[in-house]
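>
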Amino acid sequence: MKKYRSLKSIFHQFDRQTAGRFAQERRDMGCETSFVLGDHTLFYTVTPQLLLLQEQILLNERTLEELAPSFPATARASYLYELITQEISATNEIEGVRSTRQEIQEALDAEPSDNKKFREIARLYLELSQGKVDVPHTLEEVRATYDRLFGSEIADEDRPDGRFFRAGPVYVHDGAGKIIHAGARDEEALEQQLRAMFDHLENTEVPFLLSRAVSHFMFEAAHPFYDGNGRFGRFFLSAQLQEVLSTYTVLALSHLIKQKKEEYHRAFTEVEEPLNYGEVTLFAHVMLGFIRDAQLELIDDFEAKKQMMQLLYERVDRLKSGESELSAGALDVLFILGQVHLFSGGRGIEWGDLAQILGKSRNTVRAYLVDVEQERLVERTSSRPLRVRLSEAGKTLLFPGYA
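Here the UniProt record's numbering is used: the first residue of the sequence shown is 1, the next is one more, and so on.
Right, dumping it as structure tokens:
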């Protein structure tokens, strides 16, 4: 398939007049938006590459839909929890916000009244995984979601000082301190840009995935806040994509972007290059490529975990058939803990959740836990609430040769 060239490369090969002619031809045959960037309005064309990417994404979704139900509910829930942990860590790291795995897990497990770091962003990502997040459709809703996502995390001096957004200018610098992006000059200008973004999102005559990819550029270009734009923009994108893509896919996107952070940032910079005349087509190529690649990583991971789950089933069956003196109930506990270990990186599970999954009373499950603790097959990660996970001996018992 012939490579789609940037207008900048055409300018350098030929001249300004030729590049301008190509720009106008592409604009005429493509989708022009009302979003103003410099001296131009943003536009893009639906290339053969974009058509192929959209098809690949939809086919990958079908594969994920077939793979996910093959796992027990406990495994799926643990996997979503792990994806949320990775996603928050990745979206923070992209913006240089330091967060440890333990901090994120504590925030995910915290009660709403707990004053844990990252509690707000953890709570909203949990709601996203449960399909409970309403996608913002107005300026007011963008601000309300921003407040919910970050809460007290934003320093007082970085809080929005306008009607909904920042009132003053904001700049993005590179490592050398050079300005590489200036957001809309004031609140009036950025509100115009965000309204143009919403107009584009509501246009039913443009492909859904393309409009969402392009709107991600629009939001980041407007840069409506003093702090948190990148993390909010990726959350906003994930919430929109969840309307047509699986929760697994949307919760894997920032993790993939972190791996390709330089390509991600370069894609933004290229659109803002004046010699590209406001064309955002290649940015859409990059973003849809990220979605596809995130799906492919998920599919590979699901396939590997499917094999490990089969080994776990077979191992527990053998243990129940006489290879272990543990009771069937104790082995059921180990089977659940084995799933949690495979799908959530050894986070563990609460005593009460174990009882609910097994359909047993808490006292009955507590007795099972005493048995496996005496055999040193599990270890506690917390006492209040009681949370346990497989010990090294437990991993060796359930996954001989893989622990």
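Each residue gets a CB set at the ideal place from its N, CA and C atoms; glycine is no exception.
Since the structure is predicted, the reported quantities are computational estimates derived from the model, not experimental observations.
#1: Would you kindly check if the distance between the Cβ of ALA239 and the Cβ of VAL135 is under 8 Å?
#2: Less than 6 Å between C-beta atoms, sequence neighbours within five positions excluded: which residues of the same chain meet that for SER254?
#3: Express the C-alpha separation of LEU59 and PHE236 in angstroms, rounding to a whole number.
#4: Mind reading off the beta-carbon distance from HIS200 to THR41? Whole number of angstroms is fine, and I expect it under 8 Å.
#5: Determine the direct distance from the alpha carbon of VAL286 to that of ASP15, and round the result to whole angstroms.
#6: What residues match up with GLU57 in a beta bridge as DSSP calls it?
#7: Answer with buried or exposed for PRO385, where buried requires no fewer than 16 other C-beta atoms within 10 angstroms of its C-beta.
#8: When you compare only the Cα positions, how much space is there between PHE343 and GLU140?
#9: Any contact of the region 95 to 108 with the region 367 to 380, i.e. 3+ C-beta pairs under 8 Å?
#10: For a quick check, are the C-beta atoms of LEU298 and VAL46 less than 8 Å apart?
#11: Helix, strand or coil for ARG380? Go by DSSP, reduced to three states.
#12: Would you call the region 50 to 66 and the region 220 to 227 touching, i.e. three or more CB-CB distances under 8 Å?
#13: Per DSSP, ALA182 is paired with what?
#14: Run through DSSP, which three-state label would PHE343 get?
#15: Among GLN13, TRP351 and THR249, which residue has its Cα nearest to the Cα of VAL388?
#16: Write down every uninterrupted run of the beta strand (DSSP E) in the UniProt domain "Fido" (137 to 286) whose length is 3 residues or greater and which is fully enclosed by it, in chain order.
#17: Leaving out the 5 sequence neighbours to the left and right, which residues in its chain are closer than 7 Å to ARG163 when beta-carbon positions are compared?
#18: Do you know whose CA, among THR74, ASP147, HIS216 and GLU314, lies nearest ALA355's CA?
#19: Pick from LEU398, ARG347 and PHE22: whose alpha carbon is nearest that of THR85?
#20: Measuring CB atoms only, is the region 330 to 339 touching the region 312 to 322, in the sense that at least three cross pairs come out at less than 8 Å?
#21: Using a 10 Å radius around the Cβ and a threshold of 16 neighbouring Cβ atoms, would you call SER78 buried or exposed?
#22: Around the C-beta of MET197, are 16 or more other C-beta atoms found within 10 angstroms, so that it is buried, or is it exposed?
#23: Quickly, what does DSSP pair PHE43 with across the bridge? List them, please.
#24: Grouping DSSP H, G and I as helix and E and B as strand, with all else coil, what is ARG98?
#25: Looking at residue 404: is its Cβ nearer than 8 Å to the Cβ of PHE11?
#26: For LEU52, which of helix, strand or coil comes out of DSSP?
#27: Going by beta-carbon coordinates alone, are ASP227 and ILE154 separated by less than 8 Å?
#28: Determine whether the Cβ of ASN92 lies closer than 8 Å to any Cβ atom of chain C.
#29: With a threshold of 16 other CB atoms inside 10 Å of the CB of TYR146, please say whether the residue is buried or exposed.
So, from the listed chains and residues:
#1: One-based indexing of the sequence shown puts residue 135 at position 135. One-based indexing of the sequence shown puts residue 239 at position 239. In contact: VAL135 and ALA239 (Cβ atoms closer than 8 Å).
#2: Numbered from 1 along the sequence shown, position 254 holds the residue referred to as residue 254. Correct list, in chain order: GLU87, ALA90, THR91 and ARG234.
#3: Position 236 of the sequence shown holds residue 236. Position 59 of the sequence shown holds residue 59. In a straight line, the C-alpha of PHE236 is about 24 Å away from that of LEU59.
#4: Against the sequence shown, residue 200 aligns to sequence position 200. Against the sequence shown, residue 41 aligns to sequence position 41. In fact, because the Cβ distance is near 11 Å, the residues do not count as touching under 8 Å.
#5: In the sequence shown, residue 15 corresponds to position 15, counting from 1. In the sequence shown, residue 286 corresponds to position 286, counting from 1. Whole-angstrom Cα-Cα distance: 26 Å.
#6: Here residue 57 refers to the residue found at position 57 when the sequence shown is read from its first residue. Per the sequence shown, residue 57 should be read as Ile rather than Glu. Answer is none; ILE57 lacks a bridge partner.
#7: As a position in the sequence shown, residue 385 is number 385, starting the count at 1. So PRO385 counts as exposed.
#8: For the purposes of this step, residue 343 is identified with residue 343 of the sequence shown, where counting begins at 1. For the purposes of this step, residue 140 is identified with residue 140 of the sequence shown, where counting begins at 1. Straight-line Cα distance between these residues: approximately 38 Å.
#9: no
#10: Reading the sequence shown from its first residue, position 298 is the one you call residue 298. Reading the sequence shown from its first residue, position 46 is the one you call residue 46. Contact: no.
#11: Residue mapping note: residue 380 aligns to position 380 of the sequence shown, counting from 1. Correct three-state label for ARG380: strand.
#12: no
#13: Taking the first residue of the sequence shown as 1, we reach residue 182 at position 182. Looking at the DSSP assignment, ALA182 forms a beta bridge with TYR171.
#14: Your numbering for residue 343 matches position 343 in the sequence shown. Residue state, collapsed to three classes: helix.
#15: Here residue 388 corresponds to residue number 388 of the sequence shown, with the count starting at 1. Closest by alpha carbon: TRP351.
#16: 171 to 173 and 179 to 182
#17: Your numbering for residue 163 matches position 163 in the sequence shown. These residues qualify, in order along the chain: GLU187.
#18: Residue 355 sits at position 355 when you count from the first residue of the sequence shown. Taking only the C-alpha atoms, the option nearest ALA355 is THR74.
#19: If you number the sequence shown from 1, residue 85 lands on position 85. Nearest C-alpha to THR85: ARG347.
#20: yes
#21: On the sequence shown, position 78 is the one that residue 78 refers to. So SER78 ends up on the buried side.
#22: Walking along the sequence shown from the start, residue 197 turns up at place 197. Buried.
#23: For the purposes of this step, residue 43 is taken as the residue at position 43 of the sequence shown. In DSSP, PHE43 forms a bridge with GLU32 and GLU279.
#24: Locating residue 98 in the sequence shown gives position 98, counting from the first residue. ARG98 falls in the coil class under three-state DSSP.
#25: With the chain represented from 1 up to 403, any question about residue 404 goes unanswered, as that position is not in the structure.
#26: Locating residue 52 in the sequence shown gives position 52, where the first residue counts as 1. Three-state DSSP puts LEU52 in a helix.
#27: Taking the first residue of the sequence shown as 1, we reach residue 227 at position 227. Taking the first residue of the sequence shown as 1, we reach residue 154 at position 154. Yes, these two residues count as a Cβ contact at 8 Å.
#28: Among the protein chains of the structure shown there is no chain C, as only one such chain exists.
#29: Taking the sequence shown and counting its residues from 1, one reaches residue 146 at position 146. Burial call: buried.
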